[in-house]
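Heads up: the sequence shown begins at 1 in full-length UniProt numbering, then just goes up one per residue. Each residue gets a CB set at the ideal place from its N, CA and C atoms; glycine is no exception.
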Amino acid sequence: MAAPNSPFSLADSTPRSSKTTINIAGFHVHLYGVDELTAEQRNDTTVVFHVHGRTRTYADAEDLSHTVLSELRKQPTKQTKGVVFATFDNRNHGTRAIDTISIADWRGGNPRHAQDMLSTMDGIVADLQTTMKFLHGYVVGQFVPTQYIVTGTSLGGHVAWDLLARDPRVDVAVIIVGCPALTPLLQERVDAFLGEPAPAQRTCAKEWPAAIERLYQERDAEVATVAGKTILILNGAVDALVPSKFTRAWLERHGASNDVAFVEQADTGHALTVAMVERIVAFLPQFLA
Numbered sequence: 001m002a003a004p005n006s007p008f009s010l011a012d013s014t015p016r017s018s019k020t021t022i023n024i025a026g027f028h029v030h031l032y033g034v035d036e037l038t039a040e041q042r043n044d045t046t047v048v049f050h051v052h053g054r055t056r057t058y059a060d061a062e063d064l065s066h067t068v069l070s071e072l073r074k075q076p077t078k079q080t081k082g083v084v085f086a087t088f089d090n091r092n093h094g095t096r097a098i099d100t101i102s103i104a105d106w107r108g109g110n111p112r113h114a115q116d117m118l119s120t121m122d123g124i125v126a127d128l129q130t131t132m133k134f135l136h137g138y139v140v141g142q143f144v145p146t147q148y149i150v151t152g153t154s155l156g157g158h159v160a161w162d163l164l165a166r167d168p169r170v171d172v173a174v175i176i177v178g179c180p181a182l183t184p185l186l187q188e189r190v191d192a193f194l195g196e197p198a199p200a201q202r203t204c205a206k207e208w209p210a211a212i213e214r215l216y217q218e219r220d221a222e223v224a225t226v227a228g229k230t231i232l233i234l235n236g237a238v239d240a241l242v243p244s245k246f247t248r249a250w251l252e253r254h255g256a257s258n259d260v261a262f263v264e265q266a267d268t269g270h271a272l273t274v275a276m277v278e279r280i281v282a283f284l285p286q287f288l289a
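Shown next, in the form of structure tokens:
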């Protein structure tokens, strides 16, 4: 049995759910669990989107989908609502890749890491919103989407915060090693990369121009308005890439406006772990009854 803080991976023994792939707006959307829905569940189905991390592909979400769906079917409580997992390759990732440099960070040789990450996030949000808008029209006769939940890891977790802030259709999210405050996170990273410059020097650098700083600040201000949402936040206590301090600061200011469960897993870095997947399995049934 894997240790709780071991990185999650799909076990060979896990039953695989059905996979349905459709083309919406010129990219493939992969749906898991459609064939397993009962006649009752097809009329009332929750769609759980999972957004993968930077440099990864939709295959991460595929592994998570098979595991969570398999575990949910073992639940003793009858699920009247259906559940389908959905995912796609993020822009410039996987089958949609056009430029490998643009998904690298500063240390990976990309001087426009800040611009590329935030613009990609906005593109992913647009893709999610387009999929939500048109999905029912593509799955007529298969199921009726009645609720949307978003989950995401790392970059996908940042996107989940964005979707909570921007789309009233999404009231529930699972955020895995993501960040509600990207401005201080990116400033900390670029300072480490440049050698701790003064703020004025930082905004003159090509890596962190004032124009992109303003956009990050606007994004964070949007996330600060999130209210009335149900959020499961899963962080690693020793995550050096996306430290929990930024999430804790958001919780201190805005947590009371939401129904938040914050889990900071000990001895865990920047990863989706076995224990985190167990938390997701325990969290989702309340929305399927």
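Extent of the continuous beta strand (DSSP E) to which residue i belongs
| i | result |
| --- | --- |
| A173 | 170-176 |
| Q286 | Unbroken run through Q286: none, as it is neither H nor E. |
| L31 | 27-32 |
| G152 | 145-153 |
Of the residues the options, the one placed nearest residue i, counting alpha carbons only
| i | options | result |
| --- | --- | --- |
| I176 | I233, T146, P76 | I233 |
| Q217 | Q115, Q41, D12 | Q115 |
| Y32 | S18, E40, T45, I24 | S18 |
| R16 | N43, L72, S6, V263 | L72 |
| E40 | A61, A289, K81 | K81 |
| T38 | N235, D267, Q142, Q265 | Q142 |
| L186 | A227, E207, F49, N43 | E207 |
| P184 | D162, R219, A3, G156 | R219 |
| I231 | R202, V150, D105, A240 | V150 |
| V263 | T55, I280, V48 | I280 |
| A271 | R54, I24, H28 | R54 |
| D35 | A3, L69, N23, A205 | L69 |
| Y148 | V140, A173, D127, D63 | A173 |
| R56 | L155, F8, N110 | L155 |
| G26 | R202, T130, L118 | T130 |
| D105 | T203, A2, K133, L194 | L194 |
| D60 | A249, F8, N43 | F8 |
| A3 | P285, E278, L284 | E278 |
7 angstroms CB neighbourhood of residue i in its chain, flanking five on each side removed
| i | result |
| --- | --- |
| Y58 | H30, H52, T87, F88, D89, G94 |
| L288 | T46, Q79, K81, V83 |
| S13 | none |
| N5 | Q265, D267, T268, T273, A275 |
| residue 295 | Shown here, the chain extends from 1 to 289; a query on residue 295 therefore has no answer. |
| Q75 | P285 |
Three-way DSSP call (helix, strand, coil) for residue i in this model
| i | result |
| --- | --- |
| H52 | coil |
| Y138 | helix |
| H254 | helix |
| P184 | helix |
| D259 | strand |
| P15 | coil |
| G108 | coil |
| V83 | strand |
| I98 | coil |
| E36 | coil |
| T57 | coil |
| E264 | strand |
| V190 | helix |
| V47 | strand |
Residue i - containing alpha helix (DSSP H), residue span
| i | result |
| --- | --- |
| L215 | 210-223 |
| A3 | Element bounds for A3: n/a, residue is neither H nor E. |
| P76 | Where P76 is concerned, there is no enclosing alpha helix (DSSP H), given that its DSSP letter is neither H nor E. |
| T230 | It is not in any alpha helix (DSSP H) - T230 instead sits in the beta strand (DSSP E) that spans 230-236. |
| T203 | 199-204 |
| E40 | 39-42 |
Spatial neighbours of residue i in its chain, beta-carbon cut-off 6 angstroms, leaving aside the 5 residues before and after
| i | result |
| --- | --- |
| T120 | R91 |
| C179 | H158, L185, V242, F246 |
Own chain residues within Cβ distance below 8 angstroms of residue i, not counting five before or after
| i | result |
| --- | --- |
| S257 | V226, A227, G228 |
| D99 | N92 |
| A160 | V51, V150, T151, G152, A173, V174, I175, G178 |
| T146 | D44, T45, T46, K81 |
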